Amino acid sequence: MTDRITLDRDTIASGALQEIAAKLGGLVRPLKPEEMEASLTATLAARPRPDPDCPDGDDIWVFAYGSLIWNPAFHFQERRVGLVRGWHRRFCLSTVMGRGTPECPGLVLGLDRGGACKGIAYRVSAAQAREELLVVWRREMVTASYTPRWGKVDLGSRRVSAILFTINRADAHYAPGLDERTVAERMATAEGALGPAADYLFNTEEALRQEGILDVSLERVASHARRLRNQK
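According to the numbering used here, the sequence shown is numbered sequentially starting from 192.
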């Protein structure tokens, strides 16, 4: 078992996640610093032109659907419940580092095609945007498992363009088509440098409940994973 680390701003800034990935050899390929910077630069360059009447000016929105809801680790000005259409939350990324090991891989969430997803939209100040987004990139883009892109988020009173971290279907760790029982079994047993996969699952479940967001599939997975852990 890899030594446990706490996922906070200091840990992310230290490059600890990249170090963990590097120790796994060929099992994962961490992005080089220049690749990460290039990804962030390209994403910012692709930003849709803001509406001239937009009250947020040049501030940037980031959409969270998993651990960024309960542990963002970056600074923001505002957070609101938002809805993304065309993407849904799914345990579709196998992990052998943060919430699993090569011997017992865990799973983490990704945004996969189709459906819709309720989550939290964070507004990041334009003055701090690159600094804060680099924290997000160092966390979410340890490898190329996600594809950052812009999408529309419905905040109720209006729609904003936000950065979405969608699953990269070409990535070797993309795990499509897993049924809820299989997901629950993996989440109940896997554990990695960031702790048990079950903590990730249960923390997300609780965070969604606190925001009034119902994810029926995730609730079923959590319920089954809880039963499996109680049987140990």
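Every residue, glycine too, gets a C-beta built ideally from N, C-alpha and C.
Just so it is clear, the structure is predicted and the values come from calculations on it, not from any experiment.
Query raised in the report: Below 8 angstroms, can you find three or more Cβ-Cβ pairs linking the segment 332 to 341 to the segment 220 to 229?
Result: yes
Requested in this report: Mind listing, in chain order, the continuous beta strand (DSSP E) runs of no fewer than 3 residues lying wholly within the segment 274 to 341?
Outcome: 297 to 315
Query raised in the report: How big is the Cα-Cα spacing for residue 275 and residue 394?
Result: 21 angstroms
Query - Beta-carbon gap between residue 392 and residue 412 smaller than 8 angstroms - result: Their beta carbons are under 8 angstroms apart, which means residue 392 touches residue 412 by this criterion.
Query raised in the report: Taking only beta-carbon atoms, is residue 217 less than 8 angstroms away from chain D?
Result: You won't find chain D in this structure, because it holds only one protein chain.
Query raised in the report: What residues match up with residue 382 in a beta bridge as DSSP calls it?
Result: 387
**Report entry** residue 355: first and last residue of the uninterrupted beta strand (DSSP E) it sits in
**Finding:** 350 to 358
Query raised in the report: In three-state terms, what does DSSP make of residue 423?
Result: coil
Query raised in the report: Going straight from the alpha carbon of residue 213 to that of residue 414, what length do you get?
Result: 34 angstroms
Requested in this report: Spatial neighbours of residue 192 within its chain, please: CB distance less than 6 angstroms, with the 5 preceding and 5 following residues excluded, ordered by chain position.
Outcome: Low per-residue confidence applies at residue 192: pLDDT is 46, beneath 50, and the placement is therefore not dependable, though the value from the model is reported in the following sentence. Nothing meets the Cβ criterion.
Query raised in the report: Since residue 255 is in the beta strand (DSSP E), which residue starts that stretch and which ends it?
Result: Start and end: 251 to 255.
Report task. Mark residue 370 as exposed unless 16 or more other C-beta atoms lie within 10 angstroms of its C-beta, in which case mark it buried. Result -> exposed
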